[in-house]
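2 protein chains.
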Amino acid sequence: MIDTAIHAITEPRRRDILHLIRDGELTSSAIASHFDISAPAISQHLKVLEAAGLVVVRRAGTKRFYGIRREGFAELKQYIESFWDDSLLRLKEAAEEEERRKHESESND
Amino acid sequence: MIDTAIHAITEPRRRDILHLIRDGELTSSAIASHFDISAPAISQHLKVLEAAGLVVVRRAGTKRFYGIRREGFAELKQYIESFWDDSLLRLKEAAEEEERRKHESESND
DNA sequence: ATACTTATTAAGTTGACACTTAATTAAGTG
DNA sequence: CACTTAATTAAGTGTCAACTTAATAAGTAT
Numbered sequence: 001m002i003d004t005a006i007h008a009i010t011e012p013r014r015r016d017i018l019h020l021i022r023d024g025e026l027t028s029s030a031i032a033s034h035f036d037i038s039a040p041a042i043s044q045h046l047k048v049l050e051a052a053g054l055v056v057v058r059r060a061g062t063k064r065f066y067g068i069r070r071e072g073f074a075e076l077k078q079y080i081e082s083f084w085d086d087s088l089l090r091l092k093e094a095a096e097e098e099e100r101r102k103h104e105s106e107s108n109d
Numbered sequence: 001m002i003d004t005a006i007h008a009i010t011e012p013r014r015r016d017i018l019h020l021i022r023d024g025e026l027t028s029s030a031i032a033s034h035f036d037i038s039a040p041a042i043s044q045h046l047k048v049l050e051a052a053g054l055v056v057v058r059r060a061g062t063k064r065f066y067g068i069r070r071e072g073f074a075e076l077k078q079y080i081e082s083f084w085d086d087s088l089l090r091l092k093e094a095a096e097e098e099e100r101r102k103h104e105s106e107s108n109d
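Residue numbers (our numbering), protein chains in the order written: chain V, 1 to 109; chain C, 1 to 109.
So, in structure tokens, the structure goes:
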């Protein structure tokens, strides 16, 4: 699931779309009006974003309002943080430091 | 710059590489040994990750040790959070809610 | 200098995917 | 029911990037 989310935000155009609807939900055509590409292209992007759990649709008549889905971004945030996690990294770095010193002393045999 | 970072973590293989070196720096060949793909392929991935500021190299003789670069992940984290930002989103949602109610009352004219 | 190790750069191939236009679905309106 | 609006699905095309093997670079040792 995190894979689809990351794949989704890969495409710059999709990130632009996310930025647009971040300030409030918009219809597919409203979104399309901000770009030079065709409506189907936008529709395809929205589908990818929806499948990734990053946007939600609200249907109203013939219109479909797209808005961002917070839970999806929470997952992404968590994923990035799993790399970032400060305390864990410090531990690893300390271990590396130690190993480096050990190797140095071994080379003095 | 954030674009290159996002592009970099797009590729599943590169994320695998990041996971590997997250537990301590490794040489190019050590990384390659964990995968089915060729050494040059790994080298190319590492170059992308380095250009994105997500990894750093430490040269030691003919070997090159690759380790993760924290600052790069900090940027990524910030970017994701710029979407996520809780308080801002709540404001937007409140505004939408209001607009929706306004439209409903208008349709009762 | 020659050889060995580690890793990269070069060049070329293949598959994925972001587009296009055309056709289709779905909901509302005269 | 025909017609309009809003959006999607279908089908096909071109570009990009992830891989391959071959050649090159840079460091160390014999």
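Where is the CB? At the ideal position from N, CA and C, for every residue including glycine.
Q | Burial state of C/A60 (16 or more Cβ within 10 Å) | A | exposed
Q | Nearest-angstrom beta carbon gap, C/V55 and C/I68 [assumed within contact, 8 Å] | A | Going by Cβ atoms, the distance from C/I68 to C/V55 rounds to 6 Å, so yes, they are a contact pair.
Q.
For V/D14 and V/L46, I'd like the C-alpha separation in whole angstroms.
A. Position check: residue 14 of chain V holds Arg in this sequence, whereas Asp was assumed. For V/R14 and V/L46, the distance between alpha carbons rounds to 8 Å.
(Q) Is the beta carbon of V/A52 closer than 9 Å to that of V/M1? (A) Yes, they are a contact pair.
Q) How would you call V/A32, buried or exposed, if buried means at least 16 neighbouring beta carbons within 10 angstroms? A) buried
Q. Taking 9 Å as the CB-CB cut-off, is C/P12 touching chain V?
A. yes
Q) Do we get a CB-CB distance below 9 Å when we pair C/F73 with the residues of chain V? A) yes
Q) By Cβ distance, which residues of its chain are closer than 7 Å to V/A8, with the 5 residues on each side in sequence left out? A) By the criterion of a C-beta distance shorter than 7 Å, V/A8 is surrounded in its chain by R14, V48, L49, A52 and L54, once the five residues flanking it on both sides are discounted.
Q: Would you tell me roughly how many angstroms separate the C-alpha atoms of V/P40 and V/L76, rounded to the nearest one?
A: 27 Å
Q.
Restricting to Cα atoms, I'd like to know which of C/I42, C/T4, C/I6 and C/E71 is closest to C/S29.
A. C/I42
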